[in-house]
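See structure below.
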Amino acid sequence: MAEVAILSGLQASGKSTFFRERLADTHVHVSKDNWPNARHREQRQRRVIGEALVEGRDVAVDNTNPSPHEREPLIEIAHKAGAKAVGYWFPPDPGVSLERNAQREGRQRVPNVGLFSTLKRLKRPSYAEGFDELYKVHSDGQGGFTVEHCPTDTDLEEKPAPVRTGSARRG
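Sequential numbering of the sequence shown, starting at 1, is according to UniProt numbering.
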């Protein structure tokens with residue numbers, strides 16, 4: 001069964017790098033960034049996804065896909081073609097994204113206001129949207145990624161760091 005992998009996260013969160021490292025050998029890469037000057041990029045994206053699925057190929061949609069509104073048509077295309085809709089969630093870390101973005105050059109660099117605009121719209125994906133599988137992706141701090149399967153929406157939530165308590169003496 002073919003799949004549509006829908007990557008969701010801030011600009012400069014590692015989605016394209018993740019695609020290259022984990023999905024490029026098996027999935028057709030679909031990104032509106034590939035058509036920066038094209039009109040009707042949404043329609044073109046849907047057409048390319050549909051064509052790949054008709055050919056029985058897996059697809060990875062590498063855009064911010066920040067909200068259910070943007071993800072809904074992608075999930076619909078997958079299901080109509082008999083494919084699985086698989087979400088890859090890149091939890092936001094604005095500081096890291098701003099840092100990575102600052103290292104980009106030319107058209108690759110996104111104005112900071114664009115990144116913050118996406119952050120305001122960014123919603124964690126949910127099985128209620130129609131996803132068949134969901135994964136949470138983090139940088140491993142060594143240039144790679146850790147990928148965690150999330151069988152429930154609760155598993156996608158970020159766990160707070162444990163609070164360290166020590167014996168602080170007052171003196």
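Even for Gly, the Cβ is constructed at its ideal location relative to N, Cα and C.
Model, not experiment: these values are computed from the prediction.
- Take the alpha-carbon of Gly114 and the one of Gln108: they are about 12 Å apart.
- Relative to Glu133, the option among Glu105, Pro92, Val147 whose CA is nearest is Val147.
- Three or more beta-carbon pairs separated by less than 8 Å link the region 123 to 143 to the region 63 to 72, which places the two stretches in contact.
- Between Val86 and Ala5, the CB-CB gap stays under 8 Å.
- Under the 10 Å beta carbon count, Gly95 is surrounded by fewer than 16 other beta carbons and is classified as exposed.
- With a beta-carbon spacing of about 6 Å, Gln11 and Ser97 fall inside the 8 Å limit used to define contacts.
- Annotated three-state conformation of Leu7 is strand, per DSSP.
- Contact annotation, Gly14 with Phe145: C-beta distance approximately 7 Å; criterion of less than 8 Å satisfied.
- Ranked by Cα distance from Leu119, the options Gly9, Leu53, Ala2 are led by Gly9.
- Across the structure, Arg39 and Arg46 are spaced so that their CA atoms are roughly 13 Å apart.
- Counting of Cβ neighbours within 10 angstroms places Val54 among the exposed residues, the total staying below 16.
- Between the alpha carbons of Pro92 and Glu72 lies a gap of roughly 20 Å.
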